[in-house]
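To convert a position in the sequence shown, counted from 1, into the working numbering, add 908.
Quick reminder that beta carbons are idealized off the backbone N, C-alpha and C, glycines included.
Heads up: the structure comes next, in structure tokens.
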Amino acid sequence: MTGNVANNSGGGGRGMPRPSQNDGKLCYTIPEAAELIGVSRNHGYELARRGELPIVKMGKLKFVSKVKLHKMFGVDTESGDK
909 MTGNVANNSG
919 GGGRGMPRPS
929 QNDGKLCYTI
939 PEAAELIGVS
949 RNHGYELARR
959 GELPIVKMGK
969 LKFVSKVKLH
979 KMFGVDTESG
989 DK
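In structure tokens form, the structure reads like this:
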């Protein structure tokens, strides 16, 4: 097979690249955060609904704070190391 989707290394599902700690983003979408912590997209939304993910609201949009998510799991956001 050829094309970006099939050759996507480390795939994040649905043809999306896996989120990287050093991607320059301040926040993740809920599906990106779910992928990082190893749960399904739907479970990620459930965790957000229950307040178990560090959510940042911008109007109707909800994002997951990258720094707070990494701190929850003891990940150094500067180097990506534990």
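The ligand COA heavy atoms versus the CB of residue i: any closer than 7 Å?
i	result
K976	As presented, the structure is devoid of all ligands, the ligand COA included, so that no description of it is given.
Grab me the residues of residue i's own chain with a C-beta within less than 8 Å of its C-beta, minus the 5 sequence neighbours each way, in chain order.
i	result
L977	Y936, A941, L944, I945, L961, P962
Is DSSP giving residue i helix, strand or coil here?
i	result
V975	helix
L969	strand
Does the beta-carbon distance from residue i to residue j come in below 8 Å?
i	j	result
G959	P939	no
S973	V983	no
Mark residue i as exposed unless 16 or more other C-beta atoms lie within 10 angstroms of its C-beta, in which case mark it buried.
i	result
F981	exposed
Who are the Cβ neighbours of residue i in its own chain at under 6 Å, not counting the five residues just before and after it?
i	result
K970	I963
A955	Reading off the sequence, residue 955 comes out as Leu, not Ala. So the qualifying residues of the chain are L961.
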